[in-house]
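Structure first, commentary second.
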Amino acid sequence: MLLLFFAVSLGFVGNIFAQNFQVKGSVESIFGTDKASFASIILQGRQNYQTTTNERGEYILKSVASGRYQVTVSSINFKQKKIDLNLASDTVVNIQLEPLQRLLDEVYITAVQNKGKASTSVIDRKAMELLQPSSFTDLLELLPGGRTYTPNLTQMNQIRLREPSNAPSGYDMGSLGTAFYIDGAPINTTANMQTTSGYTLSDPNGSRNSVNKGVDMRSIPTDQIEKVEIVRGIPSAEFGDLTSGLVNIERRKGNTPYTARVKADGFSKLYSIGKGVSILENNLYINSNVDFLDSKADPRDNYENYKRITASVRTEKFWENKIRRFTWNSALDYATTIDNERVDPDNSYALTDSYKSTFKSYSLLNNFRFKFNQNTLLKSLDFSTKISYQEDIIDLTKWVQARSATVLVNSLEEGAHDAKYVTPSYAADLDVQGKPLYGYLKGVALLGFTQGIIKHQIKLGTEYNYSKNFGKGQIYNLDFPLALNSVSSVRPRPFNDIPALQNLSFFAEDGAKIEAGAHNINITAGVRAMAIVGMDTRYEIANKFHYDPRINAVWHLPSIAVAGKKLEVSLGSGFGLHHKLPTLDMLYPNKTYIDNIQLNYYHNNPDFIRANAKTTIINTENYALKAARNLKWELNADFSYEGNRLSVTYFREGMSSGFRAMSRYRVIDYKLYDNNSIDASTITSRPNLEDFTYRDMKEFYGYSINSNGSGTFKEGIEFQFTTKRISAINTRFTINGAWFNNRYKSSVVNYGIISTSVITDNKVRQYIGIYAEDEGTNYQQFNTNLTVDSYLPKLGLMLSASAQSLWFTSSRENYKTGVPIAYMDINQNVHPYTEASKNDPNLRWLLQNYSDIRFRNNSVPINLQVNIKASKDFKNKARISMFVSRFLTYAPSYTRYNINYIRQGASPYFGMELNFNL
148 MLLLFFAVSL GFVGNIFAQN FQVKGSVESI FGTDKASFAS IILQGRQNYQ
198 TTTNERGEYI LKSVASGRYQ VTVSSINFKQ KKIDLNLASD TVVNIQLEPL
248 QRLLDEVYIT AVQNKGKAST SVIDRKAMEL LQPSSFTDLL ELLPGGRTYT
298 PNLTQMNQIR LREPSNAPSG YDMGSLGTAF YIDGAPINTT ANMQTTSGYT
348 LSDPNGSRNS VNKGVDMRSI PTDQIEKVEI VRGIPSAEFG DLTSGLVNIE
398 RRKGNTPYTA RVKADGFSKL YSIGKGVSIL ENNLYINSNV DFLDSKADPR
448 DNYENYKRIT ASVRTEKFWE NKIRRFTWNS ALDYATTIDN ERVDPDNSYA
498 LTDSYKSTFK SYSLLNNFRF KFNQNTLLKS LDFSTKISYQ EDIIDLTKWV
548 QARSATVLVN SLEEGAHDAK YVTPSYAADL DVQGKPLYGY LKGVALLGFT
598 QGIIKHQIKL GTEYNYSKNF GKGQIYNLDF PLALNSVSSV RPRPFNDIPA
648 LQNLSFFAED GAKIEAGAHN INITAGVRAM AIVGMDTRYE IANKFHYDPR
698 INAVWHLPSI AVAGKKLEVS LGSGFGLHHK LPTLDMLYPN KTYIDNIQLN
748 YYHNNPDFIR ANAKTTIINT ENYALKAARN LKWELNADFS YEGNRLSVTY
798 FREGMSSGFR AMSRYRVIDY KLYDNNSIDA STITSRPNLE DFTYRDMKEF
848 YGYSINSNGS GTFKEGIEFQ FTTKRISAIN TRFTINGAWF NNRYKSSVVN
898 YGIISTSVIT DNKVRQYIGI YAEDEGTNYQ QFNTNLTVDS YLPKLGLMLS
948 ASAQSLWFTS SRENYKTGVP IAYMDINQNV HPYTEASKND PNLRWLLQNY
998 SDIRFRNNSV PINLQVNIKA SKDFKNKARI SMFVSRFLTY APSYTRYNIN
1048 YIRQGASPYF GMELNFNL
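Under this note's numbering, think of the first position of the sequence shown as 148, with each following residue one higher.
Structure below.
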C-alpha cells in the first residue's frame, strides 16, 4: 500500500515539474515559394495538440509538453506527411510537402483573368519571377493586348490600358485616369508641378515630364510585390478619382529568407535584397528590402542615364481573442530617382549644357483593422492613414548665345517699360524646386447579413485626400533667361503660393451573392460621391459632388455534362461612371506673358541705345474647368471545361470631357516705333521715346488654357484561352489578345489663326477662324500572344516561349473640309463664314487646305516576334534566369498606295539574373 502511494505521488510530482515548450515553423512546397496555407498540424503523443497554418503557411503551438510526438501535416494541395519529433526545448520545425497535381495546375506564368471580377487580371509572384522585370512597366505585356518592348527608362513610362500601340502621345487621360494603390493606399500625383515647359526652347525635361500624366511606372520596383490586380473594366465604388482603370499592388508579408537579386541586360543593371521575419509568439511580422537600378538610354552613352533607389520596412502586428481580431499594418518607404543628361564634349561646343532631375519621397502608411465575430452584423472596421512628402529638384544649365542685339524682356508687371539688352553669351541656370505633401485618410465599415437566398456584404466608407506643394517653384536669374526671342513666355512663380486641394469622398456598395438552386449570381452595386472642398467658389467645380454609380454582375450557370466532363459557364456585364478631378497645375496654371518689342534702337555708341517693350499678363485659370467623366460598359463570358478556360470581353468607353490644353487668342495693342524716324548721325545723346514716330498696332496673340476638350472613345474585344497543364510534361498553352478600335478627338470648337507670313489688311494676326469639324483620328490594332510554358518542379526548371503577333495596326484621320463656321475680326466681332468669305482676299486665308491623302487609311501588316525565357532553381537556394526578346522576328515589307515600305527585323534584346535565398 505504501509502495503504491509512493509511485502515484512520484508520478504526480513528475507531472508538476514536466516542462512545456513552444513549437513553431512553416509549411511549404518542396520546390519552394508555394506556401501551405491553412494546413492541419496534429501532434500525437501522451497528449494531442492541433493547429492550422495561417495564410502564409506559418504555425505556432505555444505550450506543448516535452516528449515524443508524431507530427502529421495535411493540406488539400499537398500529400500528407508524418514526421517524428522529440521535444525537449523550444523548437522550430519547418516542413516541406510534395504538391499534388492540382497545385501544379494553379501555377501560371501569365496574367490570370479573375472569375469573380470582370476585366480584372491578376499577376502573381511566380509570373513575375519568370518575366524578370526591371520596373512595373514590364508587367503590362502579360495583359490582353500587351506586347514585349525594349524598356526605355530614361523617359516617363505611362500606363495606357486598352489602347493600341500606335495611339497618339498627346492624350494623357489614359495614364492620369489610372489609379495606383500600394497596400491599400493611393499613389498621389496631384501636386506634381515639376515642369520646365515655356522656360526653354529645347526642353530636355519634355520626355521625362510627368505633370498631369499620372504615375511614372519607372519608380515602382517589383521585387517585393506579391500580387497585382489590374482592373481594366469597372472597379469597386471603393476606389475613385479615376477614369481608365485601377492597379492594386500587394507587397510581400511574412517570413522569407534573405533574398538577393542581380539582373543585367543591355540597358540596365538592378540589385535588390530583402528579408522577412515572423515572430509568431508575438504575432509580429517584419519585412524589409532595398533595391538599386541603373539604366542608360544607350549602353554606349554614359551621358544620359536614370537611377532608382528604393527602401521599405513593413510590419504587421495583431491581437486576437474569441470575439475580435485587431491588426496593425505599417509601412515606412523611401525612394529616390535621378534623371541625368549631359552633353558629350566630343559632340558639342556647349560643354556647360546639363540636365539633372532628382526625386526623393518619404511616406508612412498605417492601417488598423478590427475584425469581429462572423455572427455579428458588423464584420470589420478599417482605418487607413498615409502621409507622403517629396523633394523634387530639376537643375537645368544651358549655354545661351544671342545672334544679334536682342532686347531683354523680363518684367513682372504689366504695361510699357524700358528694357535692357541681353548679355551676348552666358550660361543660364534654371532650378525647379517642388515639395509636394500628401495626406490620406480612409475609413471603411463592412457589414454582412443573409436575407433569404441572398448574402449581403455592404461596404460603407469615406476618404479624404490632401495635396499641397510647398516648393519654391521655378527659380532663375531674370537677366539670364534660357530662351531668347520668345514673344509668349512664362516667369518664375513659387508653388507654395498655390492653395491646397482637398478631395472628400463617400461610398456605399453592396456585394450580393444569390444562390437560387444551381444558379449563382454575384452582383456588386455601389455609388461614390466625390468633391473638392474648401476651394475658391469662383471655380464651378468647387464643393460640387460628382456621383459615380457602378454595377458588376456575374451569373454562374448550372454546370453541364459534355462527354462526361463538366462544363462551367458564367456570363457577366458591367456599367459605371467614373470621374477624375483636375490637378493643381490644371486649376492654378502659370500666367502667360506676351512681350511685344516696341522699340529696338541699337547704336554704335552704347550710351545712345534704347529699347522699350510692352508686357501683357494673361491669367490662364479656367474657372469653368470640370471633372473628366468616362462612361464604361462591357459584356463578358467565361467557359471552363476540364481545366481549360476561355474568357471573352466586349467593352465600350466614352469620354468627351478629358483634360487638354486648348488654344485661345487675345487682342493686344502696342506701339511700333520707327528707328528711321531719327538721324543716327546727328544725335548727341540717348534719344527719348517721343523722338520716334510710331504706328498703333493691334494683333491677335495666342495662349493656352486647360479645358475639357479631349475626347477618347474606346471599343474592343479582349480574350484569353488557357489549357489545362499537361501532366506528363507539365506544360500549359495560353493564347490571349485584343482588338482595339479607339477614336481620339478634340471635343470642342477649335480656333486657328492665319499664318504670320500672310499679310491681311496690310497687317498680320488680324483674323481668327472658328472650326467645328471632327478633329479625331481612329486607331485600330489586333494582336495575339501564344505562350507555351513548362513548369518542371523536380528539376527546378521553368521554360516559356511566346509568339507575339501584331497582326495589323491602322490609323485614319476623320475627313475635314477645312472650312470655318465663323471668324473673328480684330475688333472681336464674330461673323459667319459664307461662300463670299471664301473669295475675300483676306478671309480666304482662313481656309485650311487638306490633301485627300491625309484622310487615307494607313494600315501596317503583321509584326511577329518570338521571345524565350528560362529559370532554373538550385535546391531553393539559388535561381538563375535568362530571357531573349525578339529571338525571332518577322516583319515583311509592304506596299501602300504605290509606295514601298522596307522593314527589317528588330535586334534581339536579352538579359539574365541571379537570385539567392539564404
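From the three backbone atoms N, C-alpha and C, an ideal C-beta is built for every residue, glycine too.
Using alpha carbons as the reference points, say which of the options lies closest to residue i.
i: N616; options: L629, D626, I900, N643; result: N643
i: R776; options: I329, N930, G923, F860; result: F860
i: G595; options: K606, Y587, L588, K589; result: K606
i: Q867; options: Y918, T796, E922; result: T796
i: M844; options: S803, E789, N909; result: N909
i: P368; options: I420, R807, S266; result: I420
i: S236; options: V935, S349, V211, I541; result: V211
i: Q166; options: S184, K209, A183, S176; result: K209
i: H666; options: K941, S187, Y694, I707; result: I707
i: L629; options: N669, V591, T570; result: T570
i: D838; options: Y848, N822, F847, N853; result: N822
i: R1001; options: S958, D363, G586; result: S958
i: R813; options: Y788, N835, T840, E846; result: E846
i: R550; options: Y573, A566, Y536, D539; result: Y573
i: Y997; options: I306, Y962, K567; result: Y962
By DSSP, does residue i sit in helix, in strand, or in coil?
i: R872; result: coil
i: D1067; result: Any answer about residue 1067 is impossible in this case: the structure gives the chain only from 148 up to 1065.
i: K985; result: helix
i: G331; result: coil
i: L772; result: coil
i: F473; result: strand
i: S828; result: coil
i: N822; result: helix
i: I223; result: coil
i: L802; result: Before going further, note that residue 802 is Met rather than Leu in the sequence given. Strand.
i: G421; result: strand
i: L1035; result: strand
i: G620; result: strand
i: T284; result: helix
Do the CB positions of residue i and residue j come within less than 9 angstroms of each other?
i: Y502; j: N650; result: no
i: F786; j: V674; result: no
i: Q217; j: D231; result: yes
i: Y405; j: K422; result: yes
i: Y898; j: T907; result: no
i: M945; j: E373; result: no
i: T964; j: L648; result: no
i: R379; j: L290; result: yes
Closer than 6 angstroms by C-beta to residue i: which residues in its own chain qualify, once you throw out the five before and the five after it? Chain order, please.
i: T684; result: none
i: K518; result: R472, S527
i: I189; result: Q197, T219
i: S803; result: G858, S894
i: A950; result: L933, V1013
i: I207; result: K171, L427
i: N1010; result: L953, A1038
i: K228; result: V220, L244
Distance check for residue j and residue i, CA to CA, integer angstroms please.
i: Q260; j: V394; result: 14 angstroms
i: S614; j: D732; result: 12 angstroms
i: T671; j: G361; result: 28 angstroms
i: G1083; j: P446; result: The shown model of the chain, from 148 to 1065, leaves out residue 1083, and the question about it has no answer.
i: P729; j: L555; result: 35 angstroms
i: P705; j: L793; result: 17 angstroms
i: N690; j: I679; result: 5 angstroms
i: K264; j: L348; result: 48 angstroms
Against chain C, does residue i count as a neighbour if the rule is that its beta carbon must be under 9 angstroms from one of theirs?
i: N436; result: In the structure shown, chain C does not exist; there is a single protein chain.
Short of 8 angstroms in beta carbon distance, which residues of its chain neighbour residue i, apart from the five on each side in sequence? Order them along the chain.
i: Q169; result: I207, L208, K209, S210, V211, D237, T238, E428
i: N430; result: K464, F465, W466, E467
Can you tell me whether residue i sits near the ligand NAP, meaning its C-beta is under 8 angstroms from at least one heavy atom of the ligand?
i: W992; result: The ligand NAP is not part of this structure, which contains no ligands at all.
For residue i, which residues from the same chain have a beta carbon less than 7 angstroms from its beta carbon, with the 5 sequence-adjacent residues on both sides left out?
i: S652; result: G387, T609, E610, R675, A676, M677
i: I645; result: N616, L731, Y735
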